[in-house]
Amino acid sequence: MRPIIEFCLSNLASGSQKAMEELEKDPNLDIIEYGCLSSCGNCARELFALVNGEYVSGESTEELVENIYTHLEENPMF
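Going left to right, the sequence shown walks through residues -6 to 71 as our numbering numbers them.
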């Protein structure tokens, strides 16, 4: 089972698109786009994704990708 990274379409339009594109290159991740992840307040303020259901954010696309990988290392699935 691979980690699931979920992105909100509104947040993708706000800048997390580049982070998603970078993560899609990793064959060990499942990337999913949703119309809304019900985090509208956070979505308007910062770049974010749900990583195995947990909120992870970053101030830039590079930081978001780094924080996602850090979260995965600190929270292994098995």
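For glycine and all other residues, C-beta sits at the position ideal for the given N, C-alpha and C.
Asked                                                                                : Found
Expected contact under 8 Å - CB spacing of Leu43 and Glu26 to nearest Å              : With a Cβ gap of about 12 Å, Leu43 and Glu26 do not count as contacting.
Alpha-carbon to alpha-carbon, Ile24 and Arg(-5)                                      : 10 Å
Leu30 beta carbon less than 7 Å from that of Gly8                                    : no
Bridge partner(s) assigned by DSSP for Ser50                                         : Phe41
Residue closest to Glu55, alpha-carbon to alpha-carbon, out of Leu5, Ser32 and Glu15 : Glu15
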